[in-house]
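J.:
Number of protein chains: 2
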Amino acid sequence: MPQFDRRVPEGDNRERLICAECGFVAYENPKIVVGSVVAHDGRVLLCRRAIEPRRGFWTLPAGYMENGETVAEGAAREAWEEAQVRIAIDGILAVFSISRLGQVQVIFRARFAADSADPPYAAGPESLEVGLFAWDDIPWPEIAFPSVHWALNAWRDLGDAPLGVPAGNPPDDARGTQRLGETAPGLTAPGLTAPGLTAL
Amino acid sequence: MPQFDRRVPEGDNRERLICAECGFVAYENPKIVVGSVVAHDGRVLLCRRAIEPRRGFWTLPAGYMENGETVAEGAAREAWEEAQVRIAIDGILAVFSISRLGQVQVIFRARFAADSADPPYAAGPESLEVGLFAWDDIPWPEIAFPSVHWALNAWRDLGDAPLGVPAGNPPDDARGTQRLGETAPGLTAPGLTAPGLTAL
Numbered sequence: 001m002p003q004f005d006r007r008v009p010e011g012d013n014r015e016r017l018i019c020a021e022c023g024f025v026a027y028e029n030p031k032i033v034v035g036s037v038v039a040h041d042g043r044v045l046l047c048r049r050a051i052e053p054r055r056g057f058w059t060l061p062a063g064y065m066e067n068g069e070t071v072a073e074g075a076a077r078e079a080w081e082e083a084q085v086r087i088a089i090d091g092i093l094a095v096f097s098i099s100r101l102g103q104v105q106v107i108f109r110a111r112f113a114a115d116s117a118d119p120p121y122a123a124g125p126e127s128l129e130v131g132l133f134a135w136d137d138i139p140w141p142e143i144a145f146p147s148v149h150w151a152l153n154a155w156r157d158l159g160d161a162p163l164g165v166p167a168g169n170p171p172d173d174a175r176g177t178q179r180l181g182e183t184a185p186g187l188t189a190p191g192l193t194a195p196g197l198t199a200l
Numbered sequence: 001m002p003q004f005d006r007r008v009p010e011g012d013n014r015e016r017l018i019c020a021e022c023g024f025v026a027y028e029n030p031k032i033v034v035g036s037v038v039a040h041d042g043r044v045l046l047c048r049r050a051i052e053p054r055r056g057f058w059t060l061p062a063g064y065m066e067n068g069e070t071v072a073e074g075a076a077r078e079a080w081e082e083a084q085v086r087i088a089i090d091g092i093l094a095v096f097s098i099s100r101l102g103q104v105q106v107i108f109r110a111r112f113a114a115d116s117a118d119p120p121y122a123a124g125p126e127s128l129e130v131g132l133f134a135w136d137d138i139p140w141p142e143i144a145f146p147s148v149h150w151a152l153n154a155w156r157d158l159g160d161a162p163l164g165v166p167a168g169n170p171p172d173d174a175r176g177t178q179r180l181g182e183t184a185p186g187l188t189a190p191g192l193t194a195p196g197l198t199a200l
């Protein structure tokens with residue numbers, strides 16, 4: 001493998017990874033996660049992760065956006081891949097910045113495209129299981145990431161109201177620097193107001 | 001330089017660039033552009049580009065988000081770098097997907113942080129010049145990108161109203177696949193409703 005040095009390219013103002021052999025600049029930029037809170041009859045769709053990080057914990061259908069798609073197309077693709085659900089997207093529910101990970105999350109509010117009282121869903125290859133949960137039945141202690149709490153709270157706060165300004169990070173983690181579990185055991189993790197949450 | 005092959009890694013479902021020597025997977029994901037419509041006294045701040053692409057054309061202060069910052073911090077940094085302006089951010093005005101370029105744009109509504117009738121601004125290293133333009137004085141034929149039109153129109157449509165649901169792509173370019181100039185000469189480019197626009 002070629003060696004990459006970390007230095008400031010000409011005309012730039014910050015260090016980049018530069019190939020010592022050919023001068024190629026390997027820019028590292030934040031990645032976009034697209035996902036959705038998919039609701040049906042007051043219940044929300046959650047997926048239990050079959051992959052690391054946080055294997056076995058519950059998350060929204062969401063994942064890295066791919067080149068060549070729009071944010072909405074990416075969210076729909078993730079709902080299909082992880083929960084085998086075709087979704088109808090309402091609009092943007094939240095935009096979160098997770099500066100710790102170099103990540104921006106665009107989370108949509110959505111419903112099942114199928115007009116059915118009992119719409120189909122199933123675990124895709126990256127999920128162990130998939131379920132529709134009433135608010136009080138959400139497995140709060142087993143939620144995978146802080147931003148899942150944030151998105152669920154934003155969805156709950158909105159109720160049946162039309163979408164408005166997207167939710168952002170909670171004030172006590174405005175830059176997205178905290179992990180679940182960085183608070184003392186028994187305390188509610190910062191920014192997480194969901195009932196029943198215990199710090200992991 | 002090592003050779004990168006394009007094939008589907010194990011457990012994935014699409015082709016990636018993979019180093020033939022060591023198996024390193026070089027994921028290519030969309031990049032995030034952060035920027036803002038900075039208004040003062042009904043006029044908007046535009047920068048004439050000193051760099052390619054579209055050198056010499058006018059754009060919003062905007063650029064690629066960097067790791068370790070939030071979307072709002074990135075937009076504020078770009079306003080400083082390109083127009084030497086400290087901004088106060090109101091909130092998200094628009095989220096655009098430019099699937100042609102693998103790009104998501106998060107555009108804020110902002111004002112000058114300085115509480116002054118005549119706030120300072122100046123061309124940064126990536127700008128030839130910077131100006132505040134009344135709507136009718138915007139150099140429409142010399143706008144750099146379709147999304148600058150979209151953002152300015154979203155700003156104009158909103159007027160003094162509070163921010164709501166972010167604007168998205170216009171319906172006639174919902175996936176962000178069109179360039180300026182892909183319509184016949186003399187016609188208004190698709191999705192561009194600004195006055196005086198001629199296709200480039």
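Top line first, the protein sequences correspond to chains A and B.
For what it's worth, our numbering labels the leading residue of the first sequence as 1, then goes sequentially.
For what it's worth, our numbering labels the leading residue of the second sequence as 1, then goes sequentially.
Every residue, glycine too, gets a C-beta built ideally from N, C-alpha and C.
Just reading off the alpha helix (DSSP H) that residue 72/B is part of, what are its end residues?
T.: Taken as a continuous stretch (DSSP letters only), the alpha helix (DSSP H) holding residue 72/B covers 71 to 83.
J.: In or out: residue 157/A buried (at least 16 other Cβ within 10 Å) or exposed?
T.: Its Cβ having fewer than 16 others within 10 Å, residue 157/A is exposed.
J.: Does any CB atom of chain B fall closer than 8 Å to the CB of residue 163/A?
T.: Closer than 8 Å to some Cβ of chain B, the Cβ of residue 163/A qualifies, so yes.
J.: Under DSSP, the alpha helix (DSSP H) around residue 127/B begins and ends at which residues?
T.: It is not in any alpha helix (DSSP H) - residue 127/B instead sits in the beta strand (DSSP E) that spans 127 to 133.
J.: Could you pull out every residue in the same chain whose Cβ sits closer than 6 Å to the Cβ of residue 55/A, ignoring the five residues on either side in sequence?
T.: Within the same chain, residue 55/A has close Cβ partners 49.
J.: Using the C-alpha atoms, what's the distance from residue 105/A back to residue 179/A?
T.: One C-alpha to the other measures close to 16 Å.
J.: Consult DSSP for residue 117/B and reduce its assignment to one of helix, strand or coil.
T.: Three-state DSSP puts residue 117/B in coil, outside helix and strand.
J.: Among 99/B, 37/B, 167/B and 93/B, whose alpha-carbon lies nearest the alpha-carbon of residue 86/B?
T.: For residue 86/B, the nearest C-alpha among the options comes from 37/B.
J.: Give me the subset of the stretch 6 to 21 of chain A whose CB atoms are less than 9 Å from a CB atom of chain B, sorted by chain position.
T.: Answer set for the stretch 6 to 21 of chain A: 11, 13, 14, 19 and 21.
J.: In terms of residue numbering, what span does the alpha helix (DSSP H) encompassing residue 17/A cover?
T.: Taken as a continuous stretch (DSSP letters only), residue 17/A belongs to no alpha helix (DSSP H), being part of the beta strand (DSSP E) at 16 to 19.
J.: DSSP on residue 158/B, reduced to helix/strand/coil?
T.: Residue 158/B: helix per DSSP, three-state reduction.
J.: Under the rule that 16 or more other beta-carbon atoms within 10 Å means buried, what is residue 79/A, buried or exposed?
T.: It is buried - the Cβ of residue 79/A has at least 16 other Cβ atoms within 10 Å.
J.: Tell me whether residue 27/B is buried or exposed, calling it buried when 16 or more other Cβ atoms sit within 10 Å of its Cβ.
T.: Label assigned to residue 27/B: exposed.
J.: Helix, strand or coil for residue 34/A per DSSP?
T.: The answer is strand: DSSP assigns residue 34/A an E or B state.
J.: How many Å lie between residue 260/A and residue 43/A at the Cα?
T.: This structure gives no information on residue 260/A, because the portion of chain A shown stretches from 1 to 200.
J.: Would you be able to state if there are at least three C-beta pairs under 8 Å between the stretch 28 to 35 of chain B and the stretch 66 to 78 of chain B?
T.: Segments in contact, yes.
J.: Secondary structure at residue 180/A, three-state DSSP: helix, strand or coil?
T.: In this structure, residue 180/A counts as coil in the three-state DSSP scheme.
J.: In chain order, what residues of the same chain have a beta carbon less than 8 Å from the beta carbon of residue 8/A, not counting five sequence neighbours either side?
T.: Only 14, 15 and 16 meet the Cβ criterion.
J.: Give me, in chain order, the residues of the same chain whose beta-carbon lies closer than 8 Å to that of residue 39/B; leave out the 5 immediate sequence neighbours on both sides.
T.: Answer for residue 39/B: 45, 109, 110, 111 and 155, listed in chain order.
J.: Is residue 100/A closer than 8 Å to residue 164/A when the C-beta atoms are compared?
T.: The answer is no: Cβ separation not under 8 Å.
J.: I need the straight-line Cα distance from residue 150/A to residue 134/A, nearest angstrom please.
T.: Distance between the alpha carbons of residue 150/A and residue 134/A: 17 Å.
J.: Since residue 103/A sits in a beta bridge, which residues does DSSP pair it with?
T.: In DSSP, residue 103/A forms a bridge with 31/A and 98/A.
J.: For residue 94/B and residue 130/B, which I take to be in contact (beta-carbon distance under 8 Å), what is that distance rounded to the nearest angstrom?
T.: Contact flag wrong, Cβ pair sits at about 21 Å.
J.: Taking residue 144/A and residue 57/A to be in contact with their CB atoms under 8 Å, please state how far apart those CB atoms are, rounded to whole angstroms.
T.: Contact holds; Cβ gap of about 4 Å.
J.: How many angstroms separate the CA atom of residue 92/A from the CA atom of residue 166/A?
T.: Their backbone Cα atoms lie some 6 Å apart in a straight line.
J.: To which residues does DSSP link residue 5/A through a beta bridge?
T.: The partner list for residue 5/A (beta bridge, DSSP) reads 18/A.
J.: Buried or exposed for residue 22/B, please, with buried defined as at least 16 other CB atoms from any protein chain shown within 10 angstroms of its CB.
T.: Residue 22/B comes out exposed.
J.: Kindly indicate if chain B contains any beta-carbon less than 8 Å away from that of residue 92/A.
T.: Closer than 8 Å: yes.
J.: Against chain B, does residue 199/A count as a neighbour if the rule is that its beta carbon must be under 8 Å from one of theirs?
T.: Only weak support is given to the placement of residue 199/A: the predicted model assigns it a pLDDT of 29, under 50, and the value that follows is read from those uncertain coordinates. No - not a single Cβ of chain B is within 8 Å of the one on residue 199/A.
J.: Can you round the beta-carbon distance between residue 59/B and residue 148/B to whole angstroms, since I take them to be within the 8 Å contact cut?
T.: Confirmed, about 5 Å.
J.: Please report how far the alpha carbon of residue 88/A lies from the alpha carbon of residue 159/B, in whole angstroms.
T.: The straight-line gap from Cα to Cα measures roughly 30 Å.
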